[in-house]
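The structure appears right after this line, and notes come after that.
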Amino acid sequence: MAKLLHHKLDPACRLIRLMLGEYGVDIELVEISPWRRDPDFLELNPAASLPVMLDSPFPPVIGILATIAHIESNFGPEGPVESLLPDNPSQRAETWRLVEWALIKLENEVTGYLLEEKLVKRDLRSGAPDPAVLRIAKANLNEHLAYFSWLLATRHWLAGDNMTLADFALAAHFSTLDYMGDIDWDKAGEAKDWYARIKSRPAFRTILTDRVVGMPATKTYADLDF
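What follows is the structure, given as structure tokens:
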């Protein structure tokens, strides 16, 4: 069985787990805290980033895009399950646009800051969260929520009529932010209804059981009717 080196709250790792879950692929999870810079992990991936997939006889698959490509090529859906990457070129382009938004823009403006302040600092005992950073990240989050609510007001799923990888990419971030209590769902508009739908999918079940020692989840985290 393949192994996934991951951290429970890392959105990129959550995206891979959701993708595998949707495709019905079992994988062994190995938890890593990359900020601790373990020598064995650095030897495997000098960038000290996640996810990393170990799938013999292939060499280590390092990074989110490489892992997505590896899964799509080697564990792609069969039978009634559709690919998360549309065949239609325009729909596929829109899917990748929104995947990039979640993985880069949302990560760089919101989730990365909140994880650094709330998780990494606590784990490394390097000080309390910086209130100024938290305020900026949450203000940025409100802008993202407004955009996605606007988008979802005219679409059934994020990239169009069908669920795609873009939905799981954004949901991975929302789930991490919800765990930490950073989303005010009463102000999330259409994004809340969309998240309730995708959160109810079987692929989400193991994600909703995740817990970080010393960092309890919010009440809404595992609640499907929040």
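Counting with the working numbering, you get residues 602 to 827 for the letters of the sequence shown. Using N, Cα and C, we set each Cβ at its ideal position, and we do this for glycine too. The structure displayed is predicted, hence computed values, not measured ones.
Sort out for me which residues DSSP pairs residue i with in a bridge.
i, result
"Val662", "Met654"
"His607", "Glu632"
"Met816", "Val813"
"Gly761", "Trp758"
Within 10 Å of its beta-carbon, does residue i have 16 or more other beta-carbons around it, so buried, or fewer, so exposed?
i, result
"Trp751", "exposed"
"His757", "exposed"
"Ile705", "exposed"
"Phe659", "exposed"
"Thr810", "exposed"
"Arg726", "exposed"
"Asp779", "buried"
"Ala729", "exposed"
"Thr696", "buried"
"Ala770", "buried"
Using the C-alpha atoms, what's the distance from residue j back to residue i?
i, j, result
"Val813", "Leu610", "8 Å"
"Leu685", "Leu766", "5 Å"
"Ile799", "Met764", "9 Å"
"Phe642", "Asn741", "32 Å"
"Glu629", "Met602", "7 Å"
"Ala797", "Asp768", "12 Å"
"Phe827", "Ala733", "29 Å"
"Arg693", "Pro635", "32 Å"
"Gly782", "Pro647", "32 Å"
"Thr807", "Ile737", "31 Å"
Query raised in the report: Can we say the segment 697-716 touches the segment 737-748, given the rule of at least three CB pairs closer than 8 Å?
Result: yes
Any 3 or more C-beta pairs closer than 8 Å across the segment 664-678 and the segment 606-623: yes
Check your understanding: Mind pulling the alpha helix (DSSP H) runs of 4 or more residues that sit fully within the segment 665-703?
Key -> 665-675 and 690-701
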